[in-house]
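Number of protein chains: 2
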Amino acid sequence: MMQLQVLLVAGTHGNEINGIWLFDEWNKSPFLINTHGIKTCQVIGNPEAKKAGKRYIHQDLNRSFQEESFLCLNSSNFEGSRANELVNLYGEVGENPCQIALDFHTTTASMGSCLVVYGRRDADLALASLIQNKLGLPIYLHESDQKQKGFLVECWPCGLVVEIGPIGQGLLNSRIISQTKLILETLMEQINQVKNINLFFPEKLEIHRHVKSIDFPRDEAGNIDGYVHPLRQSKDWQELKKNDELFCKLNGEIIRFEEDEPYVPVFINEAAYVEKNIAMSFTKRELWNLKEKWQQALIDLINHK
Amino acid sequence: MMQLQVLLVAGTHGNEINGIWLFDEWNKSPFLINTHGIKTCQVIGNPEAKKAGKRYIHQDLNRSFQEESFLCLNSSNFEGSRANELVNLYGEVGENPCQIALDFHTTTASMGSCLVVYGRRDADLALASLIQNKLGLPIYLHESDQKQKGFLVECWPCGLVVEIGPIGQGLLNSRIISQTKLILETLMEQINQVKNINLFFPEKLEIHRHVKSIDFPRDEAGNIDGYVHPLRQSKDWQELKKNDELFCKLNGEIIRFEEDEPYVPVFINEAAYVEKNIAMSFTKRELWNLKEKWQQALIDLINHK
Numbered sequence: 007m008m009q010l011q012v013l014l015v016a017g018t019h020g021n022e023i024n025g026i027w028l029f030d031e032w033n034k035s036p037f038l039i040n041t042h043g044i045k046t047c048q049v050i051g052n053p054e055a056k057k058a059g060k061r062y063i064h065q066d067l068n069r070s071f072q073e074e075s076f077l078c079l080n081s082s083n084f085e086g087s088r089a090n091e092l093v094n095l096y097g098e099v100g101e102n103p104c105q106i107a108l109d110f111h112t113t114t115a116s117m118g119s120c121l122v123v124y125g126r127r128d129a130d131l132a133l134a135s136l137i138q139n140k141l142g143l144p145i146y147l148h149e150s151d152q153k154q155k156g157f158l159v160e161c162w163p164c165g166l167v168v169e170i171g172p173i174g175q176g177l178l179n180s181r182i183i184s185q186t187k188l189i190l191e192t193l194m195e196q197i198n199q200v201k202n203i204n205l206f207f208p209e210k211l212e213i214h215r216h217v218k219s220i221d222f223p224r225d226e227a228g229n230i231d232g233y234v235h236p237l238r239q240s241k242d243w244q245e246l247k248k249n250d251e252l253f254c255k256l257n258g259e260i261i262r263f264e265e266d267e268p269y270v271p272v273f274i275n276e277a278a279y280v281e282k283n284i285a286m287s288f289t290k291r292e293l294w295n296l297k298e299k300w301q302q303a304l305i306d307l308i309n310h311k
Numbered sequence: 007m008m009q010l011q012v013l014l015v016a017g018t019h020g021n022e023i024n025g026i027w028l029f030d031e032w033n034k035s036p037f038l039i040n041t042h043g044i045k046t047c048q049v050i051g052n053p054e055a056k057k058a059g060k061r062y063i064h065q066d067l068n069r070s071f072q073e074e075s076f077l078c079l080n081s082s083n084f085e086g087s088r089a090n091e092l093v094n095l096y097g098e099v100g101e102n103p104c105q106i107a108l109d110f111h112t113t114t115a116s117m118g119s120c121l122v123v124y125g126r127r128d129a130d131l132a133l134a135s136l137i138q139n140k141l142g143l144p145i146y147l148h149e150s151d152q153k154q155k156g157f158l159v160e161c162w163p164c165g166l167v168v169e170i171g172p173i174g175q176g177l178l179n180s181r182i183i184s185q186t187k188l189i190l191e192t193l194m195e196q197i198n199q200v201k202n203i204n205l206f207f208p209e210k211l212e213i214h215r216h217v218k219s220i221d222f223p224r225d226e227a228g229n230i231d232g233y234v235h236p237l238r239q240s241k242d243w244q245e246l247k248k249n250d251e252l253f254c255k256l257n258g259e260i261i262r263f264e265e266d267e268p269y270v271p272v273f274i275n276e277a278a279y280v281e282k283n284i285a286m287s288f289t290k291r292e293l294w295n296l297k298e299k300w301q302q303a304l305i306d307l308i309n310h311k
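If you want it as structure tokens, here you go:
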């Protein structure tokens with residue numbers, strides 16, 4: 007039977023460096039993180055961007071895991087080639103095959119620690135539920151967003167993104183490193199419990215389901231002419247009611263939340279999303295029953311059935 | 007008699023955008039900021055870098071105001087040319103002459119609002135003392151640093167830098183904008199009082215005098231192998247005692263403050279200073295008597311004597 011192997015990625019964005027630090031620390035002190043005997047591969051997602059101190063060189067690596075990118079291998083697109091390379095090296099049928107990918111990110115938004123899952127894949131939801139059950143982290147379900155695709159973890163049978171903030175780009179921070187370590191250890195512990203069929207899945211899972219992203223207010227020339235309202239700044243995960251303040255405009259006008267449904271905002275004022283025309287995203291908070299088939303999918307994957 | 011004119015600069019670093027926003031707001035609503043009838047010129051220091059969302063294109067504009075830069079005008083060095091252009095446009099003997107320059111910056115360090123003066127120029131110290139007397143802001147006296155020179159304000163007869171943080175690069179934040187507005191208004195009010203000889207200088211001035219900058223710990227290959235200790239993170243302006251923790255190293259070692267003198271750290275973990283090999287700077291807190299000649303220099307400058 008093939009041994010389970012978990013891919014750990016940090017620095018998928020070259021200016022999100024706290025996970026890279028933790029990996030370096032761990033390499034120097036192998037007993038730092040208890041992986042419960044599960045094999046891991048640690049890799050820097052975008053080493054070129056890390057050297058340059060930037061998010062990426064040519065395009066966002068974490069939007070490059072899609073067929074179009076893999077097809078332009080001979081072009082000078084660094085991230086397209088790197089995505090292909092990572093899949094060839096560590097993909098399910100790669101040279102050094104991994105079944106689960108964990109991708110460690112940071113954000114300038116006040117998201118605290120959270121998990122991001124892409125689409126509704128059974129094993130992802132099961133694994134996320136185990137972490138939520140242990141640590142109480144919110145889960146952001148990213149789906150139904152045609153503009154944003156090609157995420158790294160989607161190329162593995164099971165994969166989660168860990169997002170931690172707020173932290174400025176390019177900065178190391180002891181708090182962020184500790185939070186990253188806690189989640190990494192909890193993930194390894196839970197994967198180990200599934201491996202040993204010594205597991206307790208929660209009955210329910212709280213999901214923040216992506217509904218849409220909204221742009222900053224803009225003037226006629228397309229330039230941003232509003233900023234996040236002081237009452238909204240750093241208020242990620244806090245439910246919006248109709249008429250709540252969203253933005254202050256240059257002309258003094260206040261833009262308010264006009265929806266009838268009580269959406270929950272996330273990634274408020276994430277610096278890297280300005281170029282994507284995203285000021286924040288709206289989610290719907292939902293309590294889901296955990297499905298038997300999700301659990302089975304994770305058990306089967308981890309135990310190679 | 008020539009009329010007093012004050013140069014206001016924002017976006018000298020293209021990813022420090024809160025001052026630019028305030029200027030835009032002010033242009034739309036001319037009554038937003040009371041300049042007490044004093045003429046001002048507002049300019050974006052580095053518009054190209056702002057467009058690119060970066061600190062600079064070729065080199066730090068706020069280290070480019072020196073003869074070497076002015077001499078390489080025909081090179082492809084954008085910031086060298088821009089520095090020269092700003093002096094030709096707004097310098098003391100420029101097309102649109104300004105006598106005082108105020109340069110608005112932000113930092114990822116938890117500096118709050120503060121003023122930076124470069125060297126010990128009489129008029130700078132007098133103006134800074136007036137602002138400290140009104141708002142209680144700390145003043146960082148940058149001097150004796152051969153590696154760092156060519157600051158914008160040094161090319162004007164009187165000039166201060168306003169630094170506000172913490173804020174991530176490239177982010178707009180309502181709190182930072184409000185703090186910028188308060189200091190700008192106070193500066194204009196105080197300049198107006200000097201103009202009308204209706205002024206009250208404080209007797210003393212508290213200065214944080216630059217002593218030296220320290221680098222991050224590095225391994226033999228020159229790579230950073232330590233981060234700011236959790237007890238030091240965000241503790242700008244808080245006096246260090248011997249044996250206080252400074253950094254955590256990759257190997258678990260703690261680097262401590264070894265000096266006998268109680269230095270005060272500033273710019274702790276400023277993202278843009280990593281490339282300058284600066285983890286933080288040490289200053290000495292000193293209470294100075296305000297000198298008569300400083301006051302006179304400011305009075306003479308503002309009243310064109």
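Taken in sequence, the protein lines are chains R and W.
Under my numbering, the residues of the first sequence are numbered 7 to 311, in order.
Under my numbering, the residues of the second sequence are numbered 7 to 311, in order.
A virtual CB, placed ideally from N, CA and C, is assigned to each residue, including glycine.
It should be emphasised that the depicted structure is a prediction, and the values quoted were computed from it without experimental measurement.
Mind listing the chain W neighbours of residue i? Cutoff is C-beta to C-beta under 9 Å, in chain order.
| i | result |
| --- | --- |
| S116 (chain R) | Result: empty, since nearest Cβ-Cβ is about 11 Å, beyond 9 Å. |
Anything in chain R within Cβ reach of residue i, meaning under 7 Å, just list it in chain order.
| i | result |
| --- | --- |
| E277 (chain W) | Residue identity differs from the one stated: residue 277 (chain W) is Ala in this sequence, not Glu. Correct list: G174, Q175, G176 and L177. |
Along chain W, in chain order, which residues have C-beta atoms closer than 7 Å to that of residue i?
| i | result |
| --- | --- |
| G258 (chain R) | S35 |
| C254 (chain R) | S180 |
Under 8 Å Cβ-Cβ, which residues of chain R neighbour residue i?
| i | result |
| --- | --- |
| I59 (chain W) | For clarity, residue 59 (chain W) is Gly in the given sequence; the question names Ile instead. Those are V280 and E281, listed as they occur along chain R. |
Please check the pair residue i and residue j, which I expect to be a contact at CB under 8 Å, by giving their CB distance rounded to whole angstroms.
| i | j | result |
| --- | --- | --- |
| L121 (chain R) | V168 (chain R) | 6 Å |
| V270 (chain W) | H214 (chain W) | 6 Å |
| V181 (chain R) | P223 (chain W) | Strictly speaking, residue 181 (chain R) in this sequence is Arg, with Val absent from that position. Contact doesn't hold; Cβ gap of about 19 Å is too wide. |
| R88 (chain R) | A278 (chain R) | Not quite, the Cβ-Cβ distance comes to about 18 Å (not below 8 Å), so this is no contact. |
| E276 (chain W) | T113 (chain W) | 5 Å |
| V284 (chain W) | K241 (chain W) | Note on residue identity: the sequence assigns Ile, not Val, to residue 284 (chain W). That pair is no contact at about 16 Å. |
| L108 (chain W) | G165 (chain W) | 7 Å |
| N24 (chain W) | I173 (chain W) | 7 Å |
| L178 (chain R) | Y233 (chain W) | 4 Å |
| W300 (chain W) | D128 (chain W) | 4 Å |
| S116 (chain W) | G171 (chain W) | 6 Å |
| M194 (chain W) | N40 (chain W) | 7 Å |
Check your understanding: Got a sec: which bits of the stretch 169-198 of chain R sit with their beta carbon under 9 Å from any beta carbon on chain W, in order along the chain?
Key -> Taking 9 Å as the Cβ-Cβ cut-off against chain W, the residues of the stretch 169-198 of chain R that qualify are P172, I173, G174, Q175, G176, L177, L178, N179, S180, R181, I183 and S184.
Point to revise | Contacting positions in the stretch 232-247 of chain W - beta carbon closer than 8 Å to chain R | key: Those residues of the stretch 232-247 of chain W that come within reach of chain R (Cβ to Cβ, closer than 8 Å) are Y233, V234, H235, P236 and Q239.
Point to revise | Interface residues of the stretch 22-49 of chain R facing chain W [CB-CB below 8 Å] | key: If the cut-off is 8 Å between Cβ atoms, the stretch 22-49 of chain R has W27, D30, E31, K34 and S35 near chain W.
Check your understanding: Can we say the stretch 217-227 of chain R touches the stretch 29-47 of chain W, given the rule of at least three CB pairs closer than 8 Å?
Key -> Short answer: they don't touch.
Review point. Are at least three pairs of beta-carbons, each pair with one atom in the stretch 255-262 of chain W and one in the stretch 97-117 of chain W, less than 8 Å apart?
Key: Judged by Cβ distances under 8 Å, the stretch 255-262 of chain W makes no contact with the stretch 97-117 of chain W, as fewer than three pairs qualify.
Review point. Counting pairs of Cβ atoms below 8 Å between the stretch 134-152 of chain W and the stretch 142-160 of chain R, do you hit three or more?
Key: Per the Cβ contact rule, the stretch 134-152 of chain W is not in contact with the stretch 142-160 of chain R (fewer than 3 Cβ pairs under 8 Å).
Practice item. Give a yes or no on contact between the stretch 121-134 of chain W and the stretch 156-171 of chain W, applying the rule of three or more CB pairs nearer than 8 Å. Key: They touch, by the three-pair rule.
Exercise for review: Check whether the stretch 183-193 of chain W touches the stretch 294-306 of chain R, counting contact only when three or more Cβ pairs, one atom from each stretch, lie closer than 8 Å.
Suggested key: Not touching, per the Cβ criterion.
Check your understanding: Do the stretch 46-66 of chain R and the stretch 7-17 of chain R touch if we need at least three Cβ pairs shorter than 8 Å?
Key -> Contact between the stretch 46-66 of chain R and the stretch 7-17 of chain R is present, because at least three Cβ pairs lie under 8 Å.
**Study point:** 3 or more residues per run - each beta strand (DSSP E) lying fully within the stretch 198-237 of chain R
**Key:** Taking only runs of at least 3 residues, the beta strand (DSSP E) segments lying wholly in the stretch 198-237 of chain R are 210-220 and 232-234.
Review point. Enumerated in chain order, which unbroken segments of the beta strand (DSSP E) with a length of 3 residues or greater are wholly contained in the stretch 126-191 of chain R?
Key: List check, beta strand (DSSP E) in window: 145-148 and 164-171.
Practice item. State whether the stretch 17-24 of chain W contacts the stretch 285-294 of chain R, with contact taken as three or more CB pairs (one from each stretch) at a distance under 8 Å. Key: No: fewer than three Cβ pairs fall under 8 Å.
Review point. Where in the stretch 35-117 of chain R do unbroken runs of the beta strand (DSSP E), each at least 3 residues long, occur, reported from the N-terminal end onward?
Key: Listed in chain order, the beta strand (DSSP E) elements of length 3 or more contained wholly in the stretch 35-117 of chain R are 45-50 and 106-112.
Exercise for review: Just list the alpha helix (DSSP H) runs in the stretch 233-308 of chain W, keeping only unbroken ones of 4 residues or longer that don't cross its boundaries, in chain order.
Suggested key: If you keep only unbroken alpha helix (DSSP H) runs of at least 4 residues inside the stretch 233-308 of chain W, you get 298-308.
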